[in-house]
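Worksheet: one structure, shown below.
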Amino acid sequence: MSLIAAACGDDDDDEPVEDSTPEAEEPAEEPSEEETTDTTEAMDEDMDEGDMDEETTDTTEAMDEEPAEEGDGEAAAGCDSDGVLTIGTILPVTGDLAFLGPPEIAGADLAVEDINAAGGVLGADVILEQGDSGDTTTDTANLEVDRLLAAGSDAIMGAASSAVSKTVIDKITGSCTIQFSPANTSPDFTTYDDNGLYFRTAPSDLLQGRVLANVVLEDGAETASVLYRQESYGIGLAEAFQENFTANGGVIDEFLAYAVDTESFDAEVDALVEAGSDAIIVIGFAESASILTTMNERGIGPADVAVYGTDGNIGGIGAELADPSIIAGMRGTEPSVDLTTITEFTDRLDAAGDMGGVYAYGAETYDSIIITALAAAVAGSDDPSAIAAEINGVTKDGEKCTTFADCIALVDAGTDIDYDGLGGPYEFVDAGEPAAASFRIATYDGADTPNSELDEYVFAS
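Convert by adding 793 to the 1-based position in the sequence shown; the result is the number in my numbering.
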């Protein structure tokens, strides 16, 4: 068995990374005809065994010597069903991605509001149980998942962080519950053994890495240095950028990983100064504020060198800085539909609360719940295995529809649908994720949020 087990933001994962997909230590035994295997065994050596819930292990797993084709296999049949679709969330209320919390949490609320306004599904209103994901420095996500499973959640939306999702995916999917992330971008999830129960509306960073490399090259850089978080998200995106940048003639001077609990970045920034690259790529979360402050003090901030961020920092890093003017000129990428085409939705987000000028993954969160509800309607059940079997299908090949109300009317009429959501079209592949997506290229001009008038959008597949 080969398992995707990249360091997923675990606090003790600070060793240099050569390969983000180390082999598992032992292959899982083939289950007998009379019994099923435990689907909640640890998929990462660094993962705390306490995250595994031995009472949520009643699904069948066939672990081959090769990674599961398309990442999933068949969803376990015959999960629990009570006739009411219950959806939980583990979204970043707190932690180092908390700036993404408001649009995601509001997006979930709006989705359920729209579903229930159109009559709900299965003859009843959808129930929403919101929860926090925290980050990898806390056990918040694990405790919230326990609470949401006990509340009878059929699907859990989140986490935003790929590293956090890695700490709970086995517990969720092992309990015959759907996990559906609006923001996980680590390439690891494409082939993760999840019993056919993990989905995401966010694209793999194999795409973002290509988009970012193209932007840096088109801006005229011939050499680049990369500073990235040593966990699932940072590793996957850094390697995707490196591969695409070098394949198109670029040269990588420094390729530096840092532990997620790093407090001082003096040594890393000194190495960047010494490298003298045309461009510097910073792949991080809230700690990027400290990195950028130190870079500015050493004369390699955006005023001096071309600096680029990614979706983990580009939208909210300005608010983390005492003086956001120091990142004027910084550019970066994030998966996003052209926000000018969904202003009615972003206005609804603003009406729901203070978004801080950040809308990233709000549409993707909304769509993940709409897709789940439509799949439940097609399946005629809230059994997670039945819903999972229909999720990919409602995003492609049928009659196009763009709202829950329009789509559910077609479903009720027996029509095969293709939901093109606010953040789509998605066209899920077998692995339960989009194979193509739109990306925003954002630019700071001195304010604490990127200037939307400078936004550019590209579509990648």
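Every residue gets a Cβ at the ideal spot worked out from N, C-alpha and C, and that includes glycine.
Roughly how many angstroms separate the alpha carbons of residue i and residue j, rounded to a whole number?
i	j	result
residue 896	residue 1152	5 Å
residue 1159	residue 1031	28 Å
residue 1201	residue 1092	57 Å
residue 1245	residue 871	48 Å
residue 1095	residue 1075	11 Å
residue 1220	residue 1190	8 Å
residue 920	residue 905	8 Å
residue 1217	residue 1117	32 Å
residue 992	residue 1167	14 Å
residue 997	residue 908	28 Å
residue 1029	residue 945	33 Å
residue 1231	residue 917	34 Å
residue 923	residue 933	13 Å
residue 1054	residue 1223	36 Å
residue 1225	residue 1143	30 Å
residue 1237	residue 1120	7 Å
residue 1247	residue 1001	19 Å
residue 999	residue 1148	28 Å
residue 1156	residue 947	21 Å
residue 879	residue 968	15 Å
residue 1252	residue 1132	14 Å
residue 1333	residue 877	What the structure shows of the chain is the stretch from 794 to 1254, and residue 1333 is not part of that stretch, so it cannot be assessed.
residue 1051	residue 1195	42 Å
residue 931	residue 1130	32 Å
residue 1034	residue 1128	15 Å
Is residue i helix, strand or coil by DSSP?
i	result
residue 1026	helix
residue 950	strand
residue 1091	coil
residue 1201	helix
residue 1227	strand
residue 992	strand
residue 1249	strand
residue 1001	helix
residue 1159	helix
residue 1078	coil
residue 1034	helix
residue 1243	coil
residue 1129	coil
residue 982	helix
residue 955	helix
residue 922	strand
residue 1016	strand
residue 1234	strand
residue 1183	helix
residue 944	coil
residue 905	helix
residue 1254	coil
residue 1047	strand
So is residue i buried or exposed if we call it buried at 16+ other beta carbons inside 10 Å?
i	result
residue 1067	exposed
residue 1102	buried
residue 761	Because residue 761 is not part of the residues shown, which for the chain are 794 to 1254, the question remains open.
residue 875	exposed
residue 1208	exposed
residue 1057	exposed
residue 1176	buried
residue 981	buried
residue 1014	buried
residue 1239	exposed
residue 1165	buried
residue 1078	buried
residue 1090	exposed
residue 973	buried
residue 1060	exposed
residue 1173	exposed
residue 1134	exposed
Residues in the same chain with beta-carbon distance under 6 Å from residue i, minus the five sequence neighbours each way, listed in chain order, please.
i	result
residue 1016	1044, 1046, 1070 and 1071
residue 1193	1211 and 1213
residue 885	891, 893, 894, 926 and 953
residue 1125	1101, 1102, 1103, 1107 and 1235
residue 827	Residue confidence is low: residue 827 scores 41 on pLDDT, short of 50, so the model does not pin down where it sits. No coordinate-derived value is stated.
residue 847	With a pLDDT of 40 at residue 847, under the threshold of 50, the modelled position of that residue is not reliable, and the figure given next carries that caveat. So no residue of the chain qualifies.
residue 1018	1046, 1047, 1065, 1068, 1070 and 1073
Excluding sequence positions up to five away, which residues of its chain have a Cβ less than 7 Å from the Cβ of residue i?
i	result
residue 1181	868, 971, 989 and 990
residue 1254	1228 and 1229
residue 928	888, 889, 890, 954 and 957
residue 1198	911
residue 983	864, 997, 1224 and 1226
residue 1012	1099
residue 844	Residue placement at residue 844 is poorly supported in this model, since its pLDDT is 41, which falls under 50; the coordinates still yield a value, given next. The residues are 935, 960, 961 and 964.
Return yes when the C-beta of residue i is under 7 Å from any heavy atom of the ligand SAH, and no when it is not.
i	result
residue 895	Absence of the ligand SAH from the depicted structure is noted, as is the absence of any ligand whatsoever, leaving it without description.
Cβ pair count under 8 Å reaching 3, the segment 1123-1139 against the segment 946-965: Output reads no: the segment 946-965 does not touch the segment 1123-1139.
Tell me whether the segment 1004-1011 and the segment 1022-1040 touch, counting them as touching only if at least three CB pairs, one residue from each stretch, are closer than 8 Å. Under the Cβ criterion (8 Å, minimum of three pairs), the segment 1004-1011 counts as touching the segment 1022-1040.
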